[in-house]
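Residue numbers (my numbering): 1167 to 1279.
Structural data, given as structure tokens:
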């Protein structure tokens, strides 16, 4: 049902070594919403997405998905929650749909664990 918070990100800080890439990011996405991250190169869009997936880890803040805190959850467990990303034009199967590519990635991840 629309209006229910599906993804809630509060105060996320992510670093690459000593370089802070994200500083106090807050994002809330309700079930049924479609959200676009828009910004210049280096703005932190990819870093935010990768932080949601657990690589790199957030040093501060929380990430909650469907009521579950996933901030420190192992990446393979995050994938089991059906949180996935389709890369931008690389490392994908071009004849497959976005959903099929995501399912392939999830299937391959399950083989590792």
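Beta carbons are placed, not taken as given, at the ideal position from N, Cα and C, and that holds for glycine.
The structure displayed is predicted, hence computed values, not measured ones.
- Task: State whether the segment 1187–1201 contacts the segment 1211–1231, with contact taken as three or more CB pairs (one from each stretch) at a distance under 8 Å.
- Result: Touching, yes, given that three or more Cβ pairs across the two stretches are closer than 8 Å.
- Query: What are the boundary residues of the beta strand (DSSP E) that includes residue 1188?
  - Reply: Here residue 1188 is taken as the residue at index 22 of the chain shown, counted from 1. Counting along the chain, the beta strand (DSSP E) containing residue 1188 begins and ends at 1185–1196.
- Message: Distance check for residue 1266 and residue 1247, CA to CA, integer angstroms please.
- Response: By 1-based counting over the chain shown, the position of residue 1247 is 81. By 1-based counting over the chain shown, the position of residue 1266 is 100. Distance from the CA atom of residue 1247 to the CA atom of residue 1266, rounded to whole angstroms, is 16 Å.
- Query: Quick one: is residue 1224 buried, meaning 16 or more other Cβ sit within 10 Å of its Cβ, or exposed?
  - Reply: Residue numbering aside, residue 1224 sits at position 58 when the chain shown is read from its first letter. Buried, because 16 or more other Cβ atoms sit within 10 Å of the Cβ of residue 1224.
- Item | According to DSSP, residues forming a beta bridge with residue 1229 | By one-based count along the chain shown, residue 1229 stands at place 63. The partner list for residue 1229 (beta bridge, DSSP) reads 1175.
- Message: To the nearest angstrom, how far is the alpha carbon of residue 1167 from that of residue 1197?
- Response: One-based indexing of the chain shown puts residue 1167 at position 1. One-based indexing of the chain shown puts residue 1197 at position 31. Caution is warranted here: a pLDDT of 48 is assigned to residue 1167, below 50, making its placement in the model unreliable, and no coordinate value can be reported.
- Other residues of its chain near residue 1170: CB distance less than 8 Å, five sequence neighbours each side excluded: Translated into positions along the chain shown, residue 1170 becomes position 4. Cβ neighbours of residue 1170 beyond the five flanking positions: 1196, 1197.
- Query: Where residue 1180 and residue 1201 are concerned, what is the direct C-alpha to C-alpha distance, given to the nearest angstrom?
  - Reply: As a position in the chain shown, residue 1180 is number 14, starting the count at 1. As a position in the chain shown, residue 1201 is number 35, starting the count at 1. Rounded to whole angstroms, residue 1180 to residue 1201 spans 21 Å at the Cα level.
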